[in-house]
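S.K.: In the working numbering, the protein residues as written are 819 to 1180. Positions of the beta carbon are idealized from the N, C-alpha and C atoms, including for glycine.
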């Protein structure tokens, strides 16, 4: 929870509406689909002036559309309303104001809210709500139960934002987990990564998420490898709110955080294979072959050799083709190059094992 902007600042941003979406340019985010699923780019944690954010709700839609997102959620705080002297507390209002713009922009837009209590136990987002106002109740667990009664997808936000001691797993979290009252955790929030949350998601089969938690206006025009918003890649069977919810509950996610992708091997592996295209070697000498390797995704891939064949290190820049020389005494034979994608994290500090297969001449 960040400091709100001054009243004058957010009114200025709200009044100076961006041009209509018809006049804007959308910069697509290039992550390929994986077999059997569509890849959606999602930011499911953001704020507006209806809690402690600095923009009018439809501006969040315009920002997301311009930057190439497929799904967003405005999750204004239930309990924290610092602008209530200027804007009445209406928990459903931010969604109502932005929903039409989201439909026009073809963005999936589940209704959401942030249950904001002291840390510990922490803040929790609830998505796919029917009525945010129903969560406005004094007792923390009562609010969580009410979200679940609405069949919401609930996740623990920024677990380590106040340090590992305040972000530790408590008996209360065990009670919530055992009753299936929350289903996921943010392993990344804005510029922060939480290895404890990453480990707990792996151990407890919780869905991994990464979001901006954005409060201020977002002036970013395009998401690139070097500078992008933190987001969740969600692998859906169909592009719909029902499809998004089903995928989140099933845990089919990968987090894009800084220059890293974070997730289970089960989903990082097919995404890697969809991003990396290895041509047949176009030149063969007695002691080497030359091959083109394409990376069609948005993340530079850092490869460290784990086998005996191939360069010790390879960097495959995003949206680029690399020419790679591979030394071998058998240039006509098929080759398998064993590497670790060190910035594709299957666990804290552990990269994704991968194989690059080079075709032979027969």
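1. What does DSSP give as the partner residues of residue 874 in its beta bridges?
2. Which term fits residue 843, buried or exposed, when burial requires 16 or more other beta carbons within 10 angstroms of its beta carbon?
3. If we call anything under 8 Å between Cβ atoms a contact, is residue 1052 one with residue 1044?
4. Would you kindly work out how many angstroms separate the C-alpha atoms of residue 1213 and residue 966, rounded to a whole number?
5. DSSP puts residue 1181 in a beta bridge; with which residues?
6. Are the CB atoms of residue 878 and residue 864 nearer to each other than 8 Å?
7. When you compare only the Cα positions, how much space is there between residue 932 and residue 942?
8. So for residue 962, helix, strand or coil by DSSP?
9. Rounded to whole angstroms, what's the CA-CA distance from residue 905 to residue 868? Just pull it up for me.
10. Verify whether the separation of the beta carbon atoms of residue 894 and residue 858 is less than 8 Å.
11. If you reduce the DSSP assignment to three classes, tell me which class residue 895 lands in.
12. What alpha helix (DSSP H) runs, 4 residues minimum, are completely inside the region 1027–1075?
13. Need the endpoints of the alpha helix (DSSP H) that residue 989 sits in, please.
14. Can you name the residues that DSSP bridges to residue 857?
15. Bridge partners of residue 1171, per DSSP?
16. I need the DSSP call for residue 1083, collapsed to helix, strand or coil.
17. Quick one, are the C-beta atoms of residue 1038 and residue 1004 less than 8 Å apart?
18. Return helix, strand or coil for residue 852, following the three-state DSSP convention.
19. Can you give me the Cβ contacts of residue 1167 inside the same chain, cut-off strictly under 7 Å, excluding the 5 residues immediately before and after it?
20. In three-state DSSP terms, what is residue 889?
21. With DSSP as the reference, label residue 1109 as helix, strand or coil.
22. Applying the 10 Å Cβ sphere with the 16-neighbour rule, what's the burial state of residue 1063?
23. Mind checking residue 1097: buried by the 16 CB within 10 Å criterion, or exposed?
24. Let me check understanding here. Comparing Cα to Cα, which of 969, 971, 968, 940 lies closest to residue 958?
25. For the beta strand (DSSP E) containing residue 921, list its first residue and its last residue.
26. My understanding is that residue 1149 touches residue 1106, with C-beta atoms under 8 Å, so please give their C-beta distance in whole angstroms.
27. If I measure Cβ to Cβ from residue 1144 and keep anything under 6 Å in the same chain, skipping five residues before and after, which residues do I get?
28. Kindly list the residues whose CB is nearer than 6 Å to the CB of residue 1083, restricted to its own chain and excluding five residues on each side of it in sequence; keep chain order.
29. Am I right that residue 850 and residue 1094 are in contact with their C-beta atoms under 8 Å? What's the rounded C-beta distance?
30. Go to residue 1022, then tell me how far its alpha helix (DSSP H) extends in each direction, as first and last residue.
31. When burial is assigned at 16 or more other CB atoms within 10 Å of the CB, is residue 840 buried or exposed?
32. What's the C-alpha gap between residue 1055 and residue 1001?
33. Can you give me the C-alpha to C-alpha distance between residue 934 and residue 847, rounded to a whole angstrom?
34. Using 10 angstroms around the beta-carbon of residue 918, count the other beta-carbons present and answer buried if the total reaches 16, otherwise exposed.
35. Where DSSP assigns a beta bridge to residue 1131, which residues make up the other side?
M.R.: Quick answer:
1. According to DSSP, residue 874 bridges with nothing at all.
2. Its Cβ having fewer than 16 others within 10 Å, residue 843 is exposed.
3. The answer is no: Cβ separation not under 8 Å.
4. Because the chain in this structure spans residues 819 to 1180, residue 1213 falls outside the shown range and cannot be described.
5. Within the shown structure, residues of the chain are numbered from 819 to 1180, placing residue 1181 beyond reach of any answer.
6. Closer than 8 Å, so yes.
7. Those two C-alpha atoms are separated by around 6 Å.
8. Here residue 962 sits in helix by DSSP.
9. C-alpha separation (whole angstroms): 7 Å.
10. Not in contact: residue 894 and residue 858 (Cβ atoms no closer than 8 Å).
11. For residue 895, the three-state secondary structure derived from DSSP is strand.
12. Counting only runs of at least 4 residues, the region 1027–1075 fully encloses the following alpha helix (DSSP H) elements, listed from N- to C-terminal order: 1059–1068.
13. Element bounds for residue 989: 989–996.
14. Under DSSP, residue 857 shares a beta bridge with 1053.
15. DSSP output for residue 1171 lists 1158 as bridge partner(s).
16. Correct three-state label for residue 1083: helix.
17. No, the Cβ-Cβ distance between residue 1038 and residue 1004 is not below 8 Å.
18. Residue 852 sits in a strand when the DSSP states are folded into three classes.
19. Cβ neighbours of residue 1167 beyond the five flanking positions: none.
20. It is a strand residue.
21. Here residue 1109 sits in strand by DSSP.
22. Buried is the call here.
23. Counting Cβ neighbours within 10 Å, residue 1097 comes out exposed, since fewer than 16 surround it.
24. Considering only alpha carbons, the answer is 940.
25. Not the beta strand (DSSP E): residue 921 falls in the alpha helix (DSSP H), residues 911–922.
26. In this structure residue 1149 is in contact with residue 1106, their Cβ atoms being roughly 7 Å apart against a cut-off of 8 Å.
27. Cβ neighbours of residue 1144 beyond the five flanking positions: 1107, 1128.
28. Within the same chain, residue 1083 has close Cβ partners 1164.
29. Actually they do not touch by this definition, with Cβ atoms about 10 Å apart.
30. Counting along the chain, the alpha helix (DSSP H) containing residue 1022 begins and ends at 1013–1022.
31. Model confidence at residue 840 stands at a pLDDT of 49, short of 50, so the residue's coordinates are unreliable; what they give is reported in the following sentence. Exposed, by the Cβ-count rule.
32. About 19 Å.
33. Their Cα atoms are separated by approximately 31 Å.
34. Under a 10 Å Cβ-count criterion, residue 918 is classified as exposed, with fewer than 16 other Cβ atoms of the shown protein chains found around its own Cβ.
35. In the DSSP output, where bridge partners are listed per residue, residue 1131 has 1122.
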